[in-house]
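K.L.:
Quick one: the structure is below, and I'll ask about it shortly.
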Amino acid sequence: MATITFSEGLPLLAPAPMARAEDETSDGQLLDRFIYTHDDLAFAELVRRHGSMVLGVCRRVLDNRHDAEDCFQAVFLVLVRKAETIQPRQMVGNWLYGVAYRTALESKKLTARRRNRERKRCEMPRPEPESDWQDLKPLLDQELSRLPDKYRFVLVACDLEGQTRKEVARALHVPEGTVASRLARARVMLAKRLARKNLIISAGALANLLSDRTPEEVPLALTASTAQAAVRVAAGKPIAGSVGALTDAVAASLSWTRTQIAAGALMALALLGLVVGSFLPSVLADRSRRTENVPFVPDKPEARKDKPEEVKECLVEHVDLARRTIQATRISDAGHGSEILDVRVGPDARIMVGDKEGTLADLHAGMTLRLELERNQAGERHAVLVEIVGRPIVGVVQAIDEDSVTLHTDVKNGEPVAETFVLARGAWVYINGKKAKYGELKKKMKVVLQVPPGKKKVVGVSAGPKVVGRVKAVVVDKRTLSLDGIADGFCVATDAHVLVDGKTRTLADLRVGMIVSVQMSADSEHSRALAIAARNALRAKD
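Each position in the sequence shown, counted from 1, maps to that position plus 577 in the working numbering.
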C-alpha cells in the first residue's frame, strides 16, 4: 500500500447534513484523492459524510457508549490502512457499513469478559427506545449485513444516511429508476430475513421506521480524536489500547478474507485441472467416434459486445497525466444534468485532436470532449475514445445575425475587442443548461463558444455556462473573480454558493492557482457567477 501522509491534524467537522450539493465531489473521487494525493481534507470529508451511519451501527450492536466510540475510531483507522482495497470506489459507504458491523462484533468479543458491574457503570444514558425499534435494533445489522452489496448499498445510503435516490443514482452512474427498484427490493429482502427471526414487519413499515430515526450525532471531540489517531496510523505508528487492538484485529481479518478468497479460487482451478486432466482424453475419444461422419458446421460468430456509452459533450475540469484520469462535467445529455465524470483513460484509448491522433497532454481544463466509455468488471468506466469537440471562447454577446454571433472577447488599451464567429450548420445551443434555439440568444449574455481544433466555425454555444479554469485574482470587496486565459472577470452574486474541496466556504477562501468550476447566469443585463466549486488539492498543472 502507498504511504499516506496527513497534516498534523484534520479539521474539526460538523455532523454531515442529510442533503448534498449537486456539484459536491463524489465519494469515489474523495477516496482517490486520499489514496493518490494524500489529501487529509478528503479523508475528513469521508468521516463527515459517513460518521453518523458508522456510529449508529456501533451503538446498535454495542450497549456501551465508550465501546461504541472506540469502535467508531477503529472503523476509520481501518479505512486508512485498507483504502486501496475498496472496489468499486464509489461504494465507500457500503464498505464502511460492513467494516463497522464487523468491528462492532469484534469489540463485543474482545470485551465479553468485562465484569457486569463495570458494564453497568459505563452504560449509555439514552432514553428507552420505542417498542418497534427495540424489537428491530438487535436484528437489523445482523440481517442487513447479509444482503448482496448492490441492495445493501442503496438501503444504507437512502434509509440510514438519508441520501436521495437522485444522489445515489449519480454516485452509481445508473438511472434513478434503477435505484428505486433496488431500494424496494432491498427492503422486501430485509423484511423477509427479519420474518425468519420472528419479527414480522412490512417493507413499507420498515422504511418508515428507518427513515424516522434521528441520525446519530458524532461528537466533535470524537471526530478530533479519530483525526489524531488517523495521523498516527498513516505515519506507521501504533495505536495503544482497545482502539489499536480492534484496528489490528479487523484489518487482519480483512486481509485474511481476501487471502482465503484467492486461495479458494486457486484450489478450485487446481481441482478443475485435475478433473479435466483425468477425464478429457476419454471424452475426446468418445466425441471423435461419434462425430466421424458428421459434416462440419462452422461455429456461430460471437455475440457482439455492447456498444460503448457515448457522452456527447462534457466540460473538462482537470486532467491528471500521472494517473491518466479526466474529471469532467456532462453538459448536454438529456436527463443527466451536470453529472460529474471521473474517467480513467487507458494506454490503448484513442485521443483525437481534430483529424489527427493526439495524447493526453493535449487535453486542458475548459475544453469540450466527446467520450466513448466502457465498464470494467468492477463497474468503473474507462474511456476507449476521447475526441476534442472544441476549445472554449468566452465573451459577451454584442450582436446576433442569421448565421453568426459577435462577442466582446478581450480588452486592449482599455477598449473591448469585438470578434465575429460563424456558426456551423447544426450547431447546438444551451441556455442555463437547457437545450434552446439560436434565436433565443440575447445581447449582453455571457456565453462560451466551442470551436473544434483547426476549424473556424462554432459548433456549440452555451449561455449561462460552466466555465473552468485557474484562479488568477479574487477581489472580495468588489465580489469579482478572474481566471487564467479569460480576459473578462466575473461578478459573483451575493448569494453564490462557494464550495472548496466539497465544503461550503466563502469567496474569501478562494486562492490564486485553485482549479474552479464557475456556474454563470445567462442574465441578459449582467452575467454573474451563481456557484463556484474549487479544488484545492488538484493544483498540479494540466
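All C-beta atoms, glycine included, are put in the ideal place defined by N, C-alpha and C.
Should the stretch 968-977 be called in touch with the stretch 1012-1022, which here means at least 3 C-beta pairs below 8 Å?
P.N.:
Touching, yes.
K.L.:
In the structure shown, what three-state DSSP assignment does Asp718 receive?
P.N.:
Of the three classes helix, strand and coil, the one that applies to Asp718 here is helix, per DSSP.
K.L.:
Using a Cβ-Cβ distance under 9 Å, would Met1091 count as near chain D?
P.N.:
The question asks about chain D, but that chain is absent: this structure has only one protein chain.
K.L.:
Let me check understanding here. Comparing Cα to Cα, which of Val1093, Pro715, Trp672 lies closest to Leu831?
P.N.:
That would be Trp672, whose Cα lies nearest to the Cα of Leu831.
K.L.:
Taking just the CA atoms, how far does Val827 sit from Val657?
P.N.:
Between Val657 and Val827, the C-alpha separation is close to 12 Å.
K.L.:
Under 9 Å, do Val920 and Ile903 count as touching if we go by C-beta distance?
P.N.:
Yes, the pair counts as a contact, with Cβ atoms nearer than the cut-off.
K.L.:
To the nearest angstrom, how far is the alpha carbon of Leu1018 from that of Val1028?
P.N.:
Whole-angstrom Cα-Cα distance: 18 Å.
K.L.:
Can you tell me which residues form a DSSP beta bridge with Asp919?
P.N.:
Partner(s): Gln904.
K.L.:
Can you tell me whether Gly1066 is helix, strand or coil according to DSSP?
P.N.:
Residue state, collapsed to three classes: strand.
K.L.:
Under 9 Å, do Tyr728 and Arg747 count as touching if we go by C-beta distance?
P.N.:
In this structure, Arg747 does not lie closer than 9 Å to Tyr728 by Cβ.
K.L.:
Using the rule of at least 16 other Cβ atoms within 10 Å of the residue's Cβ for burial, across every protein chain shown, is Ser684 buried or exposed?
P.N.:
Its Cβ being crowded by 16 or more others within 10 Å, Ser684 is buried.
K.L.:
Gln664: buried (16+ other C-beta within 10 angstroms of its C-beta) or exposed?
P.N.:
Burial call: exposed.
K.L.:
Give the secondary structure of Gly689 by DSSP, where H, G and I count as helix, E and B as strand, and everything else as coil.
P.N.:
For the sequence presented, residue 689 should be read as Ala rather than Gly. Here Ala689 sits in coil by DSSP.
K.L.:
Closest by CA to Ala1004, which one among Val994, Lys1034, Ala905?
P.N.:
For Ala1004, the nearest C-alpha among the options comes from Lys1034.
K.L.:
So Glu661 is in the alpha helix (DSSP H); what residue range does that whole segment cover?
P.N.:
That residue, Glu661, is in no alpha helix (DSSP H); it is neither H nor E in DSSP.
K.L.:
Output needed for Arg900: all residues of its chain with C-beta closer than 7 Å, excluding positions within five of it in sequence on either side, in chain order.
P.N.:
Cβ neighbours of Arg900 beyond the five flanking positions: Tyr613.
K.L.:
So, at 8 Å on beta carbons, what are the nonlocal neighbours of Glu869 in its own chain, with the 5 sequence-adjacent residues on each side left out?
P.N.:
With a pLDDT of 47 at Glu869, under the threshold of 50, the modelled position of this residue cannot be trusted, and the question is left open.
K.L.:
If contacts are defined as beta-carbon pairs under 8 Å, then Leu732 and Arg764 qualify, I think. What distance do you get, rounded to the angstrom?
P.N.:
Right, their Cβ atoms sit about 7 Å apart.
K.L.:
Looking only at its chain, what residues have a beta carbon closer than 7 Å to the beta carbon of Ala1108, apart from the 5 residues adjacent to it on each side?
P.N.:
Around Ala1108: Asp600, Ala1073, His1074, Gln1096.
K.L.:
With Thr680 and Leu799 assumed to form a contact (beta carbons below 8 Å), what rounded beta-carbon distance in angstroms separates them?
P.N.:
About 15 Å; that fails the 8 Å criterion.
K.L.:
Buried or exposed: Arg927, going by 16 or more other Cβ atoms within 10 Å of its Cβ?
P.N.:
By the neighbour-count rule (16 or more Cβ atoms within 10 Å), Arg927 is not buried but exposed.
K.L.:
Does any heavy atom of the ligand SAH sit closer than 8 Å to the C-beta of Gln1027?
P.N.:
This structure does not include the ligand SAH; it has no bound ligands of any sort.
K.L.:
Count the other C-beta atoms from every protein chain shown that fall within 10 angstroms of the C-beta of Gly850, then say buried if there are 16 or more, exposed otherwise.
P.N.:
With a pLDDT of only 46 at Gly850, under 50, the local geometry of the prediction cannot be trusted, and no value is derived from it.
K.L.:
Under 8 Å by Cβ, that's how I've got Ser947 and Val888 pegged, so tell me the actual separation to the nearest angstrom.
P.N.:
Note on residue identity: the sequence assigns Arg, not Ser, to residue 947. About 7 Å separates the two Cβ atoms, so the contact holds.
K.L.:
Can you give the Cα-Cα distance for Tyr615 and Ala621, rounded to whole angstroms?
P.N.:
The question names Tyr, but residue 615 in the sequence shown is His. In a straight line, the C-alpha of His615 is about 12 Å away from that of Ala621.
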